[in-house]
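**Q**
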Amino acid sequence: MATDAHGAAEPGLVFHPMDQFMVKPLFGDGAVGIFTLTNVTLWMALTVAAIFALLVMGTAGRATIPSRTQSIAELAYDFVRKMVEDVAGKDGLKFFPYIMTLFLFILFANMLGLLPMAFTTTSHIAVTAVLAMMVFLTVTIVGFVRHGAGFLSLFWVSSAPLPLRPVLALIEVISYFVRPVSHSIRLAGNMMAGHAVVKVFAAFAPMIVISTGIGLLVTPLSILAIATIYALELLVAFIQAYVFTILTCVYLKDALHPHH
Amino acid sequence: MASEAQATESATGLPQLDFSTFGNQIFWLLVALVVIYFILSRVALPRIAAVLAERQGSITNDLAAAEDLKARAVEAEEAYRQALADARAEAQKIVAETKAAIKADLDRANEKANQEIAERVAEGEKALAEIRASALDAVRDVAKDVAAELVTVMGGKADGRSVTAAVNARMKG
Amino acid sequence: MEGDIVQMGAYIGAGLACMGMGGAAVGVGNVAGNFLAGALRNPSAAGGQTATLFIGIAFAEALGIFSFLVALLLMFAV
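Which chain is which? The protein sequence lines are A, B and C, in order.
Position in the first sequence (first residue = 1) + 5 = this note's numbering.
Position in the second sequence (first residue = 1) + 21 = this note's numbering.
Position in the third sequence (first residue = 1) + 9 = this note's numbering.
1. I need the straight-line Cα distance from I77(A) to A94(B), nearest angstrom please.
2. Using 8 Å as the threshold, is the C-beta distance between R170(A) and V162(A) below it?
3. If you draw a straight line from the alpha carbon of R151(A) to that of A114(A), how long is it in whole angstroms?
4. Check for me: the alpha helix (DSSP H) holding G118(A) runs from which residue to which?
5. Quick check: is the beta carbon of V248(A) nearer than 8 Å to any beta carbon in chain C?
6. Using a Cβ-based criterion (distance less than 7 Å to any ligand heavy atom), does A154(A) qualify as near the ligand ADP?
7. Where L107(A) and D259(A) are concerned, what is the direct C-alpha to C-alpha distance, given to the nearest angstrom?
8. List the whole-angstrom C-beta distance separating M30(C) from G73(C), where the pair is believed to meet the contact cut-off of C-beta under 8 Å.
9. Using the beta-carbon of each residue, which ones in chain B are nearer than 7 Å to L81(C)?
10. Determine the contact status of T133(A) and T125(A), defining contact as a CB-CB distance below 8 Å.
11. Strictly by DSSP, which residues pair up with T43(A)?
12. Could you check what DSSP says for S216(A) in three-state terms: helix, strand or coil?
13. By the criterion of Cβ-Cβ separation under 8 Å, what are the contact partners of N195(A) in chain E?
14. Could you say if the region 43–63 of chain A and the region 34–51 of chain B meet the contact criterion of at least three C-beta pairs nearer than 8 Å?
15. Below 7 Å on C-beta distance, what does F85(C) contact in chain B?
16. Relative to chain A, which residues along the region 72–96 of chain B have a C-beta separation below 8 Å, given in chain order?
17. Could you check whether the Cβ of I115(B) sits closer than 8 Å to any Cβ belonging to chain A?
18. Use the C-beta contact count for E79(A): other C-beta atoms within 10 angstroms, 16 or more gives buried, fewer gives exposed.
19. Which term fits S53(C), buried or exposed, when burial requires 16 or more other beta carbons within 10 angstroms of its beta carbon?
20. Measuring alpha carbon to alpha carbon, tell me which of H200(A), K29(A), Q25(A), T64(A) ends up nearest A81(A).
21. Using three-state DSSP, classify K133(B) as helix, strand or coil.
22. In whole angstroms, give me the CA-to-CA distance for Y181(A) and H188(A).
23. For F63(C), which residues in chain A fall below 7 Å Cβ to Cβ?
24. Have a look at A154(A) and T145(A) and give me their C-alpha separation to the nearest angstrom.
25. In angstroms, rounded to a whole number, what distance separates the CA positions of S164(A) and P102(A)?
26. Which of the three DSSP states, helix, strand or coil, is assigned to S72(A)?
27. Of the choices D24(A), I213(A), L119(A), whose alpha-carbon is the least far from that of A236(A)?
28. How long is the line joining the alpha carbons of E170(B) and A154(B), rounded to whole angstroms?
29. Examine chain A for any beta-carbon lying closer than 8 Å to the beta-carbon of A33(C), and answer yes or no.
30. If we ignore side chains and look at the alpha-carbon of each, how far apart do A168(B) and I138(B) end up?
31. For Y256(A), count neighbouring C-beta atoms within 10 Å of its own C-beta (all shown protein chains included) and say buried if the count is 16 or more, exposed if not.
32. Would you say F77(C) and A198(A) are within 8 Å of each other, going by their C-beta atoms?
Following this line, the structure appears as C-alpha cells:
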C-alpha cells in the first residue's frame with residue numbers, strides 16, 4: 006500500500022488516508038523549496054485572515070453593547086487572559102499576547118483543517134515542533150533570566166528526602182526535556198489521527214457503487230460514522246488548542262515560580 | 022533541500038516525515054505567527070482591552086447612578102412616611118380636642134338639667150306637703166263636724182273642745 | 010519475498026502498537042470518571058479543577074497518540 010497504492014484506476018475501495026497531509030506547491034508541480042507557495046502557505050494565510058476577521062474586523066465597532074462577532078472576540082480574549090492569570094499568575098500576563106497568538110493560531114488552524122478538502126497545518130510535526138520548541142525556549146530563557154542558576158531548583162525537589170533527590174532530579178530533567186516532544190506530538194498526532202480516521206470511513210462510503218448488497222449496509226454506517234467522528238473532531242480541535250495553551254501556561258508558571 | 026526533495030518523492034511514506042517540506046512549512050509558520058502576533062499586540066488586544074475597560078467603567082457608573090437614585094427614592098419614601106405620621110397625629114389631636122369640648126358642653130347641660138329637676142322635685146314636694154296638710158285639716162274639720170252631729174243626734178250636748186281633743190287623739194291613731 | 014516478510018512484520022507490529030490505544034482509552038476514562046465522582050461529592054470545588062482535568066486527560070491521551078504514531082511509522086515509514 007505504501008508504494009503501489011497510487012495507481013490511477015484500480016478497482017475496489019481506494020484508501021489514501023495520508024494523502025490529505027501532503028505538502029504540494031500551489032502552482033505547477035515542482036519541488037518544494039523554502040519560499041515556494043504551497044498549500045501550507047494558503048491555509049496559514051487563511052488562518053491569519055480568519056483571526057484578522059474575528060479580532061480586528063469583528064471588533065471594529067468598539068461597541069459598548071457588543072455585536073455577535075465582537076462578543077466572540079471578547080470571549081476568546083477573556084478566556085485566554087483568565088487562563089494565563091489563573092495558571093501562570095499576575096506576572097505571566099506579560100506573555101499574554103504571545104500565548105494568545107499560539108492559542109488562536111492553533112484553534113483556527115485546527116478548525117479550518119476540518120473543512121472538506123482542507124489542509125491541516127497543525128497535523129504536521131514540523132509545525133507543532135516549532136511551536137513547542139518556541140514555548141520550550143521561551144520558558145527556559147525566561148527561567149534563567151529571572152532566576153539565574155536558581156532556576157535549577159526546579160529540578161531539585163527540596164521537599165523530598167535527601168537520598169532521593171538526585172534520582173528525582175534526573176527524572177525531572179528528563180521530563181523537562183521530553184516536554185516539547187510530547188507537547189508537539191500530542192497536537193500533531195491528534196489532528197492526524199482524527200483526519201485519517203475520517204478519511205478511512207470516507208473510503209468505505211462508496212461501497213454501494215461496488216456492491217449494492219454490502220453497500221446498503223456499509224454506506225449509511227460509514228456516513229454516520231463520518232458525521233460522528235466529525236463532531237468529535239470539532240471537540241478535539243478545541244480541546245487540543247486549549248490543552249496546548251494551558252500547558253504553555255503551566256510551563257510558564259514553572260519558569261516564573263520554579264520553587265515547588 | 023531541493024535535491025533531497027527529488028530523492029524522496031513525497032508519494033511514499035508519511036507526509037509528516039518528508040523532511041524536504043520542513044523548511045517550507047517552518048518558514049511560512051514563522052511568517053504567519055509573526056503576522057498574528059503583530060495583529061494581536063498592535064491592534065486587536067489593546068482595542069478589546071479598551072472596550073472591556075470602557076464597558077466596566079460605564080457599568081460602574083450606571084451602578085453608582087442606580088445606587089444614587091435608590092437612595093433618593095428611599096429618602097422620598099421616608100419623607101412621605103413622616104408627613105403621613107404628622108397628619109395622623111394632627112388629626113388625632115383635633116379629634117381629642119373636639120371630644121373634650123363636646124364632653125364639657127354635655128356635662129354642663131347635664132348639670133343644669135339635674136339642677137332644674139331637683140328644683141322641680143323640691144317644689145312638687147312642697148306643694149304635696151301643703152296639699153297633705155290642708156287635706157288633714159279638712160278631714161279633721163269634717164270629723165269634728167261629724168262627731169258633733171253624732172253626739173247631738175245621740176242626745177248629748179256636744180262640747181266643742183272635748184270633741185276636738187277626741188278627734189285629734191283618734192287621728193293620731 | 011524478503012520485503013514481503015518485512016512488510017508483514019511491520020503490519021503486524023502496527024496492529025500490536027494499536028493495542029496501546031486501549032490503554033490510553035482506559036486512562037482517559039479513569040481520569041474523567043474519577044473527576045466526575047469527585048465533582049459529584051463536592052460540586053462547588055469542581056469548577057476550579059476543570060483545567061486540571063483537561064491536563065490530566067491530555068497527558069493520558071498523549072501516550073495513546075504515541076502508540077498510534079508508532080503504528081503509523083510502521084505502516085508508512087519503515
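Glycine included, each C-beta is placed from N, C-alpha and C at the ideal position.
**A** Quick look at the numbers:
1. 39 Å
2. For the 8 Å CB-CB criterion, R170(A) and V162(A) form a contact.
3. Going from the Cα of R151(A) to the Cα of A114(A) covers about 33 Å.
4. 101–118
5. yes
6. Looking at this structure, you won't find the ligand ADP or any other ligand, since it has none at all.
7. If I take the Cα positions, the gap works out to 18 Å.
8. 5 Å
9. Those within 7 Å of L81(C) in chain B are L35.
10. no
11. P30(A)
12. Three-state result, S216(A): coil.
13. No chain E appears in this structure, whose protein chains are A, B and C.
14. yes
15. G34, L35
16. V72, L73, E75, R76, S79
17. Residue contact check for I115(B) against chain A: no CB pair falls below 8 Å.
18. buried
19. exposed
20. T64(A)
21. K133(B) sits in a helix when the DSSP states are folded into three classes.
22. 11 Å
23. I244, Y247, V248, I251
24. 11 Å
25. Across the structure, S164(A) and P102(A) are spaced so that their CA atoms are roughly 35 Å apart.
26. coil
27. L119(A)
28. Each residue's CA atom was taken as its position, placing E170(B) and A154(B) some 24 Å apart.
29. Under the Cβ criterion of 8 Å, A33(C) is not counted among the residues facing chain A.
30. 44 Å
31. buried
32. yes
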